[in-house]
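Below: the structure, in structure tokens.
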Amino acid sequence: MILGDANKVQFVPTNTQNRFTTLQSGEVDILSRNTTWTSSRDSTLGAVFAGTIFYDGQGFMVKKSSNVKSATQLNGATVCVQPGTTTELNLSDYFRTKKMNFRPVVVNELQQVEQAFFSGRCDVFTTDISGLAATRLKAPNKDDYVILPEAISKEPLGPLVRRGDWEYFTIVKWTLFGLIEAEEYGVASTNVDKLKAESKEPTIQRLVGTSGDIGKGLGVDNDWLVRAIKAVGNYGEMYQRNVGPIGISRGINAQWRDGGLMYAPPIR
Ligand SMILES: N[C@@H](CCC(=O)N[C@@H](CS)C(=O)NCC(=O)O)C(=O)O
73 MILGDANKVQ FVPTNTQNRF TTLQSGEVDI LSRNTTWTSS RDSTLGAVFA GTIFYDGQGF
133 MVKKSSNVKS ATQLNGATVC VQPGTTTELN LSDYFRTKKM NFRPVVVNEL QQVEQAFFSG
193 RCDVFTTDIS GLAATRLKAP NKDDYVILPE AISKEPLGPL VRRGDWEYFT IVKWTLFGLI
253 EAEEYGVAST NVDKLKAESK EPTIQRLVGT SGDIGKGLGV DNDWLVRAIK AVGNYGEMYQ
313 RNVGPIGISR GINAQWRDGG LMYAPPIR
């Protein structure tokens, strides 16, 4: 939709293990799922992160009937985890520093790891807390499961593109910032046309392309953000639609004016 026709997008499913090669090989141009931005991924995979769309953290989910109330009580547990993830690494760091043991059950596909957990093959499922919350809603009875209070890591999730694809990198980065700034200035899918026609606010005029040449500078046209906002809404609308249903409040993903980390550099 940034480049023109939203119907031309082709979605390619990946898993935690093959996601980076799918981008490297050129099968996809952008990897946009729950991938954590780390220094090694940013430097050694032929890819670069364009920003953070959701600040997450790693957590643990257990059966309520286990009566476990804290991650510090997990010594000796069997833990379901997906391969090729930051989750795997944090898990062993955490247990080692707490001088606890665990038995990993490494399962590639999400559906299978969920199945392993619900069927009792592991005592614990660990992944990003947003992922745990989504999985919990798929349980036969969600009230049988609890997410423990600890967040053991920082998991800034965001989109990556190939190294060298610098024009596209800049477009992706500023689309993300544009959607964040759109929320800050109250530009939403419901009022973007009206604001484009009427707004005299200079920041809004630049966002919707009625002043300046922001889009053209990026190699697209000045309507680029209007199309993105119409297609997916501003950051807050995207959050409500995608994260709202799993019951995770804005927290650190709030706008900077509300004490959160969502801070777009100026679109100008
Ligand atoms: N953010 C971590 C963990 C990512 C992760 O494990 N995601 C899982 C669980 S939320 C997932 O997307 N599963 C879906 C799938 O594999 O199709 C990373 O980048 O390594």
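Quick note: the sequence shown uses this note's numbering, first residue 73, plus one each step.
Every residue, glycine too, gets a C-beta built ideally from N, C-alpha and C.
Computed from a predicted structure; not experimentally measured.
- Task: Using 10 angstroms around the beta-carbon of E239, count the other beta-carbons present and answer buried if the total reaches 16, otherwise exposed.
- Result: exposed
- Message: Spatial neighbours of K170 within its chain, please: C-beta separation below 7 angstroms, excluding the five flanking residues on both sides.
- Response: T144
- Task: Just tell me which of I252, A303, G291 and V304 has its CA closest to the CA of L279.
- Result: I252
- Message: With a threshold of 8 angstroms, are at least 3 pairs of Cβ atoms found where one atom belongs to the region 120 to 127 and the other to the region 172 to 183?
- Response: no
- Message: Could you check whether the Cβ of E186 sits closer than 6 angstroms to any heavy atom belonging to ligand 1?
- Response: no
- Query: Going by the C-beta, is T381 closer than 6 angstroms to any heavy atom of ligand 1?
  - Reply: In the structure as shown, the chain begins at 73 and stops at 340. Residue 381 is therefore absent and cannot be evaluated.
- So does N106 have its beta carbon nearer than 6 angstroms to some heavy atom of ligand 1? yes
- Task: In angstroms with no decimal places, state the Cα-to-Cα distance between D215 and D165.
- Result: 30 angstroms
- Item | N417 to A326 span [Cα, whole Å] | Absent from the model: residue 417. The displayed extent of the chain is 73 to 340, so no value can be given.
- Query: Secondary structure at T116, three-state DSSP: helix, strand or coil?
  - Reply: helix
- With DSSP run on the structure shown, which of helix, strand or coil describes G131? strand
- Leaving out the 5 sequence neighbours to the left and right, which residues in its chain are closer than 6 angstroms to L204 when beta-carbon positions are compared? G131, M133 and I219
- If we ignore side chains and look at the alpha-carbon of each, how far apart do R340 and G156 end up? 39 angstroms
- Task: Using three-state DSSP, classify R175 as helix, strand or coil.
- Result: strand
- Task: Could you have a look at R313 and say whether DSSP puts it in helix, strand or coil?
- Result: helix
- Message: Check for me: the alpha helix (DSSP H) holding V304 runs from which residue to which?
- Response: W296 to V304
- Query: Comparing alpha-carbon positions, which option in L95, P85, Q82 and Y257 lies nearest D237?
  - Reply: L95
- Message: Using the Cβ count rule (16 or more neighbours within 10 Å means buried), how would you classify L209?
- Response: exposed
- Message: Tell me the DSSP secondary structure of F126 in three-state form.
- Response: strand
- Message: Going by DSSP, what residue range makes up the alpha helix (DSSP H) through D165?
- Response: T158 to T169
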